[in-house]
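Asks: Handing you this structure, nothing more for now.
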Amino acid sequence: MALRILSLNAWGGKLHAPLIPYLVEVNADILCLQEVVRSPETRSEWLLYRDRDAELPQRANLFDEICAALPDHDGYFCPTSRGELSDGDRMVHSEFGLATFVRKSFPVIGQALDFVHGEFSPDGWGEHPRARNAHCLRLFNYEHGFSITIAQMHGLRTTNGKGDTPERQAQADALVQLIGRIWPGNERLVVCGDFNVLPESATFAALGSLGLSDLVTGRGHTDTRTSHYGKSGRYADYMLATPDVDVISFDVVEQPEVSDHRALLLDLR
Numbered sequence: 001m002a003l004r005i006l007s008l009n010a011w012g013g014k015l016h017a018p019l020i021p022y023l024v025e026v027n028a029d030i031l032c033l034q035e036v037v038r039s040p041e042t043r044s045e046w047l048l049y050r051d052r053d054a055e056l057p058q059r060a061n062l063f064d065e066i067c068a069a070l071p072d073h074d075g076y077f078c079p080t081s082r083g084e085l086s087d088g089d090r091m092v093h094s095e096f097g098l099a100t101f102v103r104k105s106f107p108v109i110g111q112a113l114d115f116v117h118g119e120f121s122p123d124g125w126g127e128h129p130r131a132r133n134a135h136c137l138r139l140f141n142y143e144h145g146f147s148i149t150i151a152q153m154h155g156l157r158t159t160n161g162k163g164d165t166p167e168r169q170a171q172a173d174a175l176v177q178l179i180g181r182i183w184p185g186n187e188r189l190v191v192c193g194d195f196n197v198l199p200e201s202a203t204f205a206a207l208g209s210l211g212l213s214d215l216v217t218g219r220g221h222t223d224t225r226t227s228h229y230g231k232s233g234r235y236a237d238y239m240l241a242t243p244d245v246d247v248i249s250f251d252v253v254e255q256p257e258v259s260d261h262r263a264l265l266l267d268l269r
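Under UniProt numbering, the first residue of the sequence shown is numbered 1, with each subsequent residue one higher.
Put into C-alpha cells, the structure is as follows:
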C-alpha cells in the first residue's frame, strides 16, 4: 500500500465549502497545511483579516474543523503569531500558522518545530516580512517496516516579490538545520510547503545538499496556483524528495480548487 502525502496552503479556509470535503476524500496519510487559523475565544464561523487595503475572510477555527473531519489522524498546530481578526465590530484573538495531520497508524518517532525566520509574535501579526516556522516529523511505517522523515515550511513573504534575499538564504539554512535534528541521513526524506520562492532560488541548492530534488519542476509542472490567484509568478509550492523515495505518482492538483494554491499530492512506497 502506498503512503500518501498532501501539501496545501489552505488560505485561511476562505474556500471552506470545497476544502473540508476534499481533505476527507483525498484520504492522505500525512497532510501538511499552511495558513491555518485557530481562534479559541469565539464560536463564530468567520472572521475578517485586514491589512492596509486588503481584506480576507478567515475560517475562525479551521484547525478544529479539520481535526473533526479527520478523526483517524492526530493533528499538530504550529502557530507563528497571535493577532486580531474582526468579528463584526468586535476584535478576536486568533492564531495563525502550520498544521500537520498524521494518520494514527503511523507513529511519530521524532519531531522538531522551530522558526526559520523571526520568532513567535504573541501580541500582533508582526512586521513584514513576518515570522515563519517549519515542522519536521519522523514516522514509522509498520506495514513495510521503514521510517520516513517529512518536513513542511511556509516561506516568508516580502513586499518586493519572490526573489532571493539574505533573509530567504538564512531561512533555507535554518530549514536544513531543523531537518538535520530529526533526519538520520540514511532514510526517505520529503520536504514540502508554500516556499514563496521561484524555481531558480538558492533555497533549492541548500535543500539539494540533503540529496533532495523538486518534483514540481522536475516533472514539468509550471503552475501551482489556481484561478483564485490573479498575479503573475505562478510558482509558490514545492515538494522535494530524496532518491530513495519510490514515487508511485505525483500531481499538482488542478481540480477541485480549494484555495488560491493547488494541492501537491504524492504517493510513495
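All C-beta atoms, glycine included, are put in the ideal place defined by N, C-alpha and C.
Could you pull the start and end residues of the alpha helix (DSSP H) that A68 belongs to?
Replies: Looking at the DSSP string, the run of the alpha helix (DSSP H) that includes A68 is 62-69.
Asks: Report back the beta-carbon spacing between L47 and V92 to the nearest angstrom; my notes put them in contact at under 8 angstroms.
Replies: 6 angstroms
Asks: Considering only residues of the segment 178-251, which uninterrupted beta strand (DSSP E) runs meet the minimum length of 3 residues and lie entirely inside it, listed in chain order?
Replies: Within the segment 178-251, the complete beta strand (DSSP E) segments at least 3 residues long are 188-194, 237-241, listed from N- to C-terminus.
Asks: Just checking, does the segment 59-74 make contact with the segment 115-125 on the three C-beta pairs under 8 angstroms criterion?
Replies: no
Asks: Ignore the nearest five residues each way along the sequence and tell me which others in G211's own chain have a CB closer than 7 angstroms to its CB.
Replies: The beta carbon of G211 lies closer than 7 angstroms to those of T242, P243 in the same chain, with the five residues before and after it left out.
Asks: So, for V102: in the same chain, excluding its five sequence neighbours on each side, which residues have a beta-carbon less than 7 angstroms away from its beta-carbon?
Replies: I30, H73, D74, V108, L137, L139
Asks: In three-state terms, what does DSSP make of L47?
Replies: strand
Asks: Could you check what DSSP says for L156 in three-state terms: helix, strand or coil?
Replies: coil
Asks: Is the CB-CB distance between T222 and R262 below 7 angstroms?
Replies: No, the pair does not count as a contact, with Cβ atoms beyond the cut-off.
Asks: Counting along the chain, where does the beta strand (DSSP E) carrying H117 start and finish?
Replies: First-last of the beta strand (DSSP E) with H117: 108-117.
Asks: For a quick check, are the C-beta atoms of E187 and S213 less than 7 angstroms apart?
Replies: No; because the gap between Cβ atoms is not below 7 angstroms, this pair is not in contact.
Asks: Which residues does DSSP pair with Y142 in a beta bridge?
Replies: Looking at the DSSP assignment, Y142 forms no beta bridge with any residue, so it has no partner.
Asks: Let me confirm a value: D237 is counted as buried when at least 16 other C-beta atoms fall within 10 Å, else exposed. Which label applies?
Replies: Classification of D237: buried, given that the 10 Å Cβ count is 16 or more.
Asks: Among residues of its own chain, excluding the 5 on either side of V26, which ones have a beta-carbon nearer than 8 angstroms to its beta-carbon?
Replies: R4, L6, A263, L265
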